[in-house]
Structures are given as structure tokens and as C-alpha cells.
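In the working numbering, the protein residues as written are 7 to 142.
Ideal placement from N, C-alpha and C gives every residue a C-beta, glycine not left out.
It should be emphasised that the depicted structure is a prediction, and the values quoted were computed from it without experimental measurement.
Reviewing the structure listed below.
Structure representation (C-alpha cells):
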């Protein structure tokens, strides 16, 4: 694994940068159907959990726990989905999604559950700034 870290173009197109954590970029998925964050470790060439060394794995776990706690505190969130699939976007990244009975994909997974409903530009800016403040 060498080179400079860049988020996969598909991740960049479907999400917005929120903040840099100790290891990962925190990104907000641009899908108003779900409170949905991504962690993208800044490790060039990483495609799997095992591509991270032990220290990086511990940092990522702490980041997952932090985002999970913040998402669980969001209004309406009853369940958390945490996953790293990588079947479409090979670059290693972790989804942290707030769910509730009756949401657009319930009880199935959010992945592949229909077209994203993009946030209005002003709403996306407001939500991104809110997450920046929560993570500061």
C-alpha cells in the first residue's frame, strides 16, 4: 500500500466531507432518507480491515464507537447499522447508519434499497455544519 490517500470518486460523489478524525475522513452520505455517515480511513490502498495495522484498527474502532453514540442520540434512531461491504467501492470504508422501524428500507439493508433522495443544498450545508460542530 503506497501512494496518496484520496477518497474513491464514487464516495466523493455520494457524500460530503465533514471532518478528519484521528484516522479517517468523516463523510455524510447525501441521502435524506437516513442519518448516514461514512468513515474512510486515510490509508492509501486499503481495501479490507486486515489492510490496517493493529493501531489503525484500534483508532477506527474508536471512531466507529464515537459516531455510533452520536447517531444513536439522534431523534428517531432506534437501531444502528454498521457495515463495511466493499463490493461496489473497493476502497475500505465503514458505514454507520441510524435506522428506525418504517424507514425507507426497513427492515432490509440501506444498500441497494432504491435511489438516494438528495438533501436540498441548504439543508445539506446545515447538516454538514451541525456534524462538524458535534465532532469538534
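{"Query": "Alpha-carbon spacing of residue 107 relative to residue 113, whole angstroms", "Result": "7 Å"}
{"Query": "Beta-carbon contacts of residue 39 that lie in its chain and below 6 Å, excluding the five residues immediately before and after", "Result": "110 and 123"}
{"Query": "Residue 102 vs residue 66 beta-carbon contact at 7 Å", "Result": "no"}
{"Query": "Environment of residue 1 [buried if 16+ CB atoms lie within 10 Å]", "Result": "Not covered by the structure: residue 1. The range shown for the chain is 7 to 142."}
{"Query": "Segments assigned beta strand (DSSP E), at least 3 residues, entirely inside the stretch 37-80", "Result": "42-47"}
{"Query": "Proximal residues to residue 95 (C-beta, below 7 Å), its chain only, five neighbours per side dropped", "Result": "14, 16 and 17"}
{"Query": "Assumed close pair residue 46, residue 130 - CB separation to whole angstroms, cut-off 8 Å", "Result": "In fact, because the Cβ distance is near 18 Å, the residues do not count as touching under 8 Å."}
{"Query": "Which listed residue (134, 142 and 140) has its alpha carbon closest to that of residue 34", "Result": "134"}
{"Query": "Of the residues 82, 20, 32 and 61, the one placed nearest residue 141, counting alpha carbons only", "Result": "32"}
{"Query": "Helix, strand or coil at residue 130 [DSSP, three-state]", "Result": "helix"}
{"Query": "Where residue 18 sits in the DSSP three-state scheme", "Result": "helix"}
{"Query": "Length of the line joining the Cα atoms of residue 41 and residue 117", "Result": "13 Å"}
{"Query": "Burial state of residue 104, where buried means 16 or more other Cβ atoms lie within 10 Å", "Result": "buried"}
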